[in-house]
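Q: Quick one: the structure is below, and I'll ask about it shortly.
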Amino acid sequence: MLRLWISYLQLLELFVSSLVHMLYGFYIFSSAVAGDLSQVLNEYFHKANNNVNVEVKEEISKLNNANDLPPIVLVHGIFGFGKGRLGALSYFAGAEKKDERVLVPDLGSLTSIYDRARELFYYLKGGQVDYGEEHSKACGHSQFGRIYEQGHYPEWDEDHPIHFVGHSAGAQVIRVLQQMLADKAFNGYENTSENWVLSVTSLSGAFNGTTRAYADGMLPEDGRTLKPICLLQLCRIGVIIYDWFDISWLKNYYNFGFDHYNMSWRKMGIWGLVDCLLGNAGPFASGDWILPDLTIQGSIRLNYHIRTFPNTYYFSYATKRTTKIMGVTVQAYLEFTRCFSLGFCRCASGVFLQMFLPLTRDTGGFLNFCLHLAVLTCNLD
């Protein structure tokens, strides 16, 4: 009876969470379209004012360039987007509009940490993205990707280092990129070094993984496989269909970043779509996407090869979101429900209840307790 009740809670949470995510996605997309329409109307009715603004911006740009200060590159997290996507919306609250030295690259919102680090390098230096022959063959995608005819900071080198700021998964992308620079991992660029990075600032960076990945559907046993029924399965199906239809104007608004997998209907046809949906091909089959990198196991694998370097400044800012219910500090309701059901299914009720009460007094302690416990006890089932 208890397990039936837990299963009911899980299905209910999946339905509510899916609905919330879909409505939020629709809200963001409609806001972007409305913003673009508003901008077009403003330009039409205020041409004179726009001409004045252009002249002012050009003067400010000249002053900024005269300062000759290092640029600041803001790297978005999972499901994020860079400048030029979603119309006039800004992932970093318009920071890129205040100073031309602030760069916001548009990297694959769901591509792996490795792929995003490669994309970030060529975004700055210019040229065609090279994912590496060995990696591309192992993951089953094209070796070469997007072409940047003009790099956004082509003079980038040890004498012209850059400040990097990463949010969530974006912070780990920066560290992987710095390690690639130290390892001279880019063909044709033998002089790269870790000193190309002046500073790394993390905003809620997922350096050690996030237990949220398991709550959304990653199996705690290996940190790579998806549960049969979960939020990420719905996401996987939606992304495959989105990329398969390959509607150009829609992908100009938002792109998950899997173009190098050639999942368009023009290239793979209907049977290729079936193969991807069945999990036999594509990024979700090879594990070359971002969620496996955000599990605890995936982060351990990444961190094993990543070092910190003496000539780089490192800053990290952590955040939390909790609330108090009857004097007890807990996470948001949906997180509480999903972690409660996950933790309850993974351990004996007596042990669970004995450990539950003291941990709820810590800020956010119950959330991480349940999920870490699920990972640690998964082999006891």
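Numbering (this note's numbering) for the sequence shown: 987 to 1367. A virtual CB, placed ideally from N, CA and C, is assigned to each residue, including glycine.
When you compare only the Cα positions, how much space is there between MET982 and GLN1164?
A: No information on residue 982 is available, as it lies outside the stretch 987 to 1367 that the chain covers here.
Q: Kindly indicate which three-state DSSP category PHE1330 falls into: helix, strand or coil?
A: Residue placement at PHE1330 is flagged as unreliable, the pLDDT there being 40, under the threshold of 50; the coordinate-derived value follows with that caveat. Helix at PHE1330.
Q: With DSSP as the reference, please indicate the residues paired to MET1204 in a beta bridge.
A: LEU1212
Q: If we ignore side chains and look at the alpha-carbon of each, how far apart do HIS1246 and LEU1184 end up?
A: Straight-line spacing of the CA atoms in HIS1246 and LEU1184 works out to 31 Å.
Q: Run the CB neighbour count on TRP991, radius 10 Å, all protein chains shown included, and call it buried at 16 or more, exposed below.
A: exposed
Q: With C-beta atoms as the reference, is ARG1071 less than 7 Å away from TYR1228?
A: no
Q: Taking the CB atoms as reference points, tell me whether LEU1106 and PRO1091 lie closer together than 7 Å.
A: yes
Q: Expressed to the nearest angstrom, what Euclidean distance is found between the alpha-carbon atoms of ARG1210 and ASN1028?
A: 48 Å
Q: Buried or exposed for SER1024, please, with buried defined as at least 16 other CB atoms from any protein chain shown within 10 angstroms of its CB.
A: Under the 10 Å beta carbon count, SER1024 is surrounded by fewer than 16 other beta carbons and is classified as exposed.
Q: Do SER1188 and ALA1157 have their C-beta atoms closer together than 7 Å?
A: yes
Q: Are the CB atoms of GLY1195 and THR1281 within a distance shorter than 7 Å?
A: Taking 7 Å as the Cβ cut-off, THR1281 and GLY1195 qualify as a contacting pair.
Q: Would you call the segment 1095–1115 in contact with the segment 1262–1281, where contact means no fewer than 3 C-beta pairs closer than 8 Å?
A: yes
Q: Mind checking which residues open and close the beta strand (DSSP E) that includes GLY1152?
A: Run containing GLY1152: 1148–1153, per the beta strand (DSSP E) assignment.
Q: Are there 16 or more other CB atoms within 10 angstroms of the CB of ALA1192, so buried, or fewer, so exposed?
A: Buried, because 16 or more other Cβ atoms sit within 10 Å of the Cβ of ALA1192.
Q: Look up PHE1130 in the DSSP assignment and give the residues it is bridged to.
A: ASP1116
Q: For LEU998, which of helix, strand or coil comes out of DSSP?
A: helix
Q: Leaving out five residues before and five after PHE1231 in sequence, what residues of the same chain have Cβ atoms less than 7 Å from its Cβ?
A: TRP1251
Q: If we ignore side chains and look at the alpha-carbon of each, how far apart do THR1097 and GLN1283 end up?
A: 18 Å
Q: Residues in its own chain within less than 7 Å of ILE1292 by CB, not counting five upstream and five downstream?
A: ARG1161, VAL1162 and GLN1165
Q: Touching or not, the segment 1255–1264 and the segment 1135–1148, by the rule of three or more beta carbon pairs under 8 Å?
A: no
Q: Is the CB-CB distance between SER1095 and PHE1242 below 7 Å?
A: yes
Q: With a threshold of 6 Å on Cβ separation, who are the neighbours of ILE1014 within its own chain once the five nearest residues in sequence on each side are excluded?
A: none
Q: Please state whether DSSP places SER1179 in a helix, a strand or coil.
A: Coil at SER1179, not helix or strand.
Q: Between which two residues does the alpha helix (DSSP H) carrying PHE1107 extend?
A: It spans 1099–1111 - the alpha helix (DSSP H) in which PHE1107 sits, taken as one unbroken run.
Q: Which residues in the same chain as GLY1137 place their Cβ atom closer than 8 Å to its Cβ, once the five residues preceding and following it in sequence are excluded?
A: Shown here for GLY1137: same chain residues with a beta carbon closer than 8 Å to its own, the five before and five after excluded, namely TYR1108, TYR1109, LEU1110, LYS1111, GLY1112 and GLY1113 in chain order.
Q: So, helix, strand or coil for LEU1060, using DSSP?
A: Correct three-state label for LEU1060: strand.
Q: DSSP three-state label for LYS1123, please.
A: helix
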